[in-house]
Structure formats: structure tokens, C-alpha cells
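Under mature numbering (1 follows the signal peptide of the UniProt record, and there is no 0), read the sequence shown as residues -26 to -1, 1 to 581, first letter to last. Glycine included, each C-beta is placed from N, C-alpha and C at the ideal position.
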Amino acid sequence: MTSAGARRRAFVASVGAAVLTGSALAAPAVASEPAAPIDVQVLAITDLHGYLSPPADQANGTIATSDGRTLSVGGAAYLATHLDGASEGAGNSLRVSNGDSFTGWQWQVTMTRDEPTIEVMNALDIEVSTVGNHELDISEWFLADHMAEGACDGDPGMCFPQSDGTAFAGADFPFLAGNLTRTADGTRPFAASYVREVSGEGGVTRKVGVIGVTTPAVERIFASYQVGALQAGEMLDAVDAEAERLAAQGVNAIVVLAHEGASTTGTFDQCADVQGPIVELATHASPLVDVVVGGHWHTAFSCMLPGPDGTDRPVISPGHHGRLFADIRFDVDPVTGDVVPGTAAAVNVPVTRDVPADPEIAATVDYWNGVGAQRWADPLGAVTAEVSMTLDDTGESAMKNLVADAYRDIGGETWGTRPDLAIAEPYQVRGGISHAVGTNAADAPGRVLFGEAWSAQGRGSSIVTGRLTGAQIRDALEQQWRTDAAGAEQYVPLGLSGLTVVANPTQPVGQRVKSVRLDGRPLLAHHSYVVSMSSRLALGMDGFTALADPRDPVRSDMDYFAFTSWWGGQDVVTPPATDRVEFRCGKAWSRPGWPVLPPNVPGGPCG
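In C-alpha cells, the structure reads:
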């Protein structure tokens, strides 16, 4: 196929050879040399997740190569050095992120509201980012106003001073999500594309467009739960529509950042058995699209895949946690603005630690690690005695009950009135609260530090409050007993606030809950109750399908922040009693007129 540029060059040459003037004295016309193609580079990262410090563990800090080597990788200071090296001498180099830069497993970053991540991304000269699902772990306001603009909302846990002492001012780059709309009115909260001007010889300029779309699952992922607030449409529809719009405006070189992924059996520099949504998007997206960048699945691969017109184009995913970046290069025709056929290529580059760490970024990371450590040690409140997470024979613990009580209060703040009840899944509780003095120098007897409350519960969920029927609540209580894949019975006890339950665990599964009372009154099967719980439960996860899809859901802050904020609002916390669940055994204990059987005791009939 002859490119438009080649056709034009042939046309100009033919005209130059044929042009004659009517005067024999006129000099023959000379065709000017066509401008050279414009070199363009796009450097892409994805799923950084706040991994600013070099990962210390092998799983996150190493990567295997296709020739059998293992490389030590990661760390924002090393990433900066590699990006600078890759872009050296490139006049048209664009740095992008494909989402999920936030909510990291390096707690000191998440604890400081991912403001460290924004400062580092600004220093890395990121020009544009897709909205990943984790960008929405708090709310649309948090991303659009706080992270993008620096708004603080009066929260003392936001807007920490940056490493240079200046106030947090948000990102220097926009966020894109062309397939994301508000549920209420269908408006789009984020732009669909970003356009960058590139220049070539003789001052010729053309435009490169970057389209951003996010995973359609974003509203129903437990961390980014946005049910009732935001909706994500199909990525393909959004990409094709925006590509047409850009082309109509003369933007003919187009890169898609799609926060969606694929599985692979190969290494980061291979294209082995790659299957998943990003492949479906890449093979069906408009031929106007020249490059597709994926992410989300934390897999890394580099492919050339045919689009619907049969033309191959790069499809690349640069992994996660800053271990790799994608180096994408193509030539733009200086006349048409199209990508010159056959010039687009992409490779994944390991962020090895055998280069000098960028000193500015290293100092920034050290500063934020110190801020995180101080945040951990901030006194938050007090406790009268240890809040134990040790389970009694019914599966209750003081900590689980306390978390349920807290979720009920937290739900009241978002719902407007205190919910009828709250439920805490056992996996949300990760530790107790000690009354004794810990190892941190800021601790004292009975004092609770911010970090202690932070680490005691949470899974990166939010607290969701909505309406469920009494029958749904009772069914969820029955789902505490289930059979695993090996056929063994499991008991997964929930934390309860507002409810008291009597159960007979010797009965068949599904028939064990005998009495459920709400603040002393029987729970009515067809009545609607306002319930607070984790977003995981609101999505029916962890085996509690009966709790899925509460009506009129509203969500709180992320569970870590919601719980620490709740604790900070208490004077002194007293561990709650473990008197909300009672086991009574015997096949017919609940028949009228029969004697009440004894509660469960260690080694007793309930075992």
C-alpha cells in the first residue's frame, strides 16, 4: 500500500518535472524536498499503585526475562533515570500513565492520600493519565477536585505539605475516561482524549491524540464501588467514537490508553497466549487507532496484533508497580498527520536498579516515607482495655463487634440517619487494639495510634449503606455456614451491630438460624431495613450472596480512612461485649413448650 505521504511526494516530483512557463527565458521549476517524517515517542507506565520506594520483596522487586535472567527492578527514583535516558534526544516524547496509580500496598503512600504519588508523577513529567478503577477508590470528587486540583475539603488528613514545603496543588496533568458517565444525568466527569502537538523539520507541526478509557467493571469493583454514582460503558464504543471525532479535527495519529488487560504465559518482552479484554479491544478498534496500551491485570506483554483492516499495530502492557515502562515509537507523516505505515513499534523496558537513582525523586520519596511514619505515630484516641480479636465459641470477638458498631455510625454520616444495623465481614478485621504500650515511641498505656487503628481493620473497601429485606439479612446469616471445595464445612461468622441471633449449628446447613432480633424486636422477612457493610458484602462477595445489591446504596470513604476518622471522633473506646450470638443445640429446641437448651460451652453439644 502506498502511503499518502509517498503519493504526495510522487505528485510533487511529477509536477515539478512537468511545469513549464510560457517564456523560454523562464528557469525550470524545482520541486522542494518533502519534509522528513516526524519522530514521536510515547513512554507509558501503568498500575503504579504508589510503589515509590523500591519494592523489598521478591514478588514485586524482581522480574524474569525471556533469556532466563532475574532482574531487580522498581522504585520511582530509578524509573525517573530510565525515562530520562529513554527520552534523551527525542524531540517529541510524551509520558503517560494508564491508571491505577493510587491505592498502593506501600501503606505510607495510601495513608497520606496518594499525594506523594501525585508529587512524584508531576516530577516524572507525566502529561496525561487514564482513570483506572483505583483512581475512584474514594469518589469522583476526590479524583476530580482533590487529586486533580488540590482541593482539601477541610480534612486535616489531606493536603500535606509537599517535599519542597509548598502546599499540595494536585496533578499537573489531566485524567481521561471516555466511557465513564454520571448515573444521575449521563454527563461525562472526565475528558475522553488529550491532544499533543508534535513538531518536525522546518517547523512543521502535527497532532497526536491520546484516548483514555477504563474497565467497564469499575463501578462494581469492591475498592472503587460506584454503584448508583457512576457508570462505565463499553470501551470499544467510546474509543471508536472519540477516534472519529479526533480524525474529524485533523488528529490522525492516535494512541489508546485502555485500563483493561489480558492474561499471558510469556515474559514482559513476549506475546505468548495473550487473551483478554484488551486483545478484543485491540483487534476490533477503529483502524484510525495506531497503538493500544493496556494494564489493570498486572500482566506484561508486547504484541503486534491485526486490527479490523488486517494491519498490525502495537498492543503493549507495561506490567505494574513501576517495574517496567513501555517505549513506543512511530513516525508521523508531516503532510497528512497519519502514522507512517510500518513505523509503529513498542517494547517493554525493565526499570533496573543498576543505574543511578534520580536524586530529586529519591529525596522526595524519603520525605514522604517520613511523613507516613509520623502519620502512623499520631495519637488518635484511647481505649479502656484491650479490644481482642480472639473468637469465642460462637465466632464473636470484641474487635469484630466494635468494627460493626463503627460501620453503623459511619453509615449514619452518609445516609443521614443511623442505620438499623451493620454487618462486618470477618476478613475486614485484621487485628485487635492493645491497651499495653507498643514499640512505637509515641505510644502510651491505653493510647491508640493512627497506625494501630489503620492496621486493625480494612481491605481497601468502602462502607456502603443501603436497604435490604429481613429475608435477605436472615439468608446472609445462614450463609455463615458453607461447604468448601473439599467438602469440609466452614463457619465464617459475621460481626453484628443492632442484631442478636440464636442459632443451632447442629441443624442442616441453611436451617441453623432460629431467631433474629433487631434491637430486641423480631426481624420481619418482608420489611426493609437500612444496613451498613463493606462494599465487598454489598457486591455479594466472600460467599455472602444474599447481601448483594442493596437498594439506594451510598458509600463512605475508604474503610481505612472511615474507621480512623470514626475512632478519632470518640472520647474513650470501651470494648463491646460478645453477647450478640448464642448457640443452642438439640434437634427440636425451638418447638413450643420444649425446655430451653443450654448455650454452647467448650466441649458441649455444639462442639
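query, result
"Here's a check: name, in chain order, each residue in its chain whose Cβ is nearer than 6 Å to the Cβ of D211, leaving out the five neighbours to either side.", "none"
"Do you know whose CA, among V178, W115, Q223, lies nearest L262's CA?", "Q223"
"Got a sec? Which residues, its chain only, sit under 6 Å from K181 by beta carbon, not counting five neighbours each side?", "V169, E171, V225"
"Relative to the C-alpha of D31, which residue among E254, W79, V309, A356 is closest?", "W79"
"In angstroms with no decimal places, state the Cα-to-Cα distance between P496 and R441.", "17 Å"
"Let's test the definition: count the other Cβ atoms within 10 Å of the Cβ of R43 and tell me whether it reaches 16, buried, or not, exposed.", "exposed"
"Below 8 Å, can you find three or more Cβ-Cβ pairs linking the region 532 to 547 to the region 200 to 211?", "no"
"Considering only residues of the same chain and omitting the five flanking positions on each side of H258, which have a CB-CB separation below 7 Å?", "L210, P282"
"Could you tell me which of F424, V329, D138, L492 sits nearest to Q82, measuring between CA atoms?", "F424"
"Could you compute how far the alpha carbon of D99 sits from the alpha carbon of D88?", "17 Å"
"Do T548 and A427 come within 8 Å of each other at the CB atom, strictly closer than that value?", "no"
"Kindly indicate which residue of P163, T39, F76, Y401 has the alpha-carbon position closest to the one of R510.", "Y401"
"Would you call the region 270 to 282 and the region 303 to 310 touching, i.e. three or more CB-CB distances under 8 Å?", "no"
"Take the Cβ of W115 as the centre, count every other Cβ of all protein chains shown within 10 Å, and call the residue buried at 16 or more, exposed below.", "exposed"
"Do you know whose CA, among L26, S67, P292, A50, lies nearest V14's CA?", "S67"
"Considering Cα atoms alone, identify which of L231, T91, L365 is closest to D146.", "T91"
"Does the region 466 to 485 come close enough to the region 354 to 362 to have 3 or more Cβ pairs within less than 8 Å?", "no"
"K181 bridges to which residues according to DSSP?", "E171"
"In the DSSP output, which residue or residues are listed as bridge partners for S93?", "Ser is not the amino acid found at residue 93; the sequence shown has Glu there. DSSP output for E93 lists no bridge partner at all."
"Just reading off the alpha helix (DSSP H) that R219 is part of, what are its end residues?", "209 to 222"
"Going along the chain, which residues of its own chain have a beta-carbon closer than 7 Å to the beta-carbon of V504, five neighbours each way excluded?", "W389, P393, D394, T439, R441"
"On a Cα-Cα basis, can you pick out the residue from P292, S237, S167 that is closest to V321?", "P292"
"Measuring CB to CB, does A143 end up less than 8 Å from G128?", "no"
"Is W81 a contact residue of the ligand FMN, with contact defined as CB to any heavy atom under 7 Å?", "This structure does not include the ligand FMN; it has no bound ligands of any sort."
"Rounded to whole angstroms, what is the Cα-Cα separation between C277 and D417?", "53 Å"
"Report buried or exposed for Q464, applying the criterion of at least 16 other Cβ atoms within 10 angstroms of its Cβ.", "exposed"
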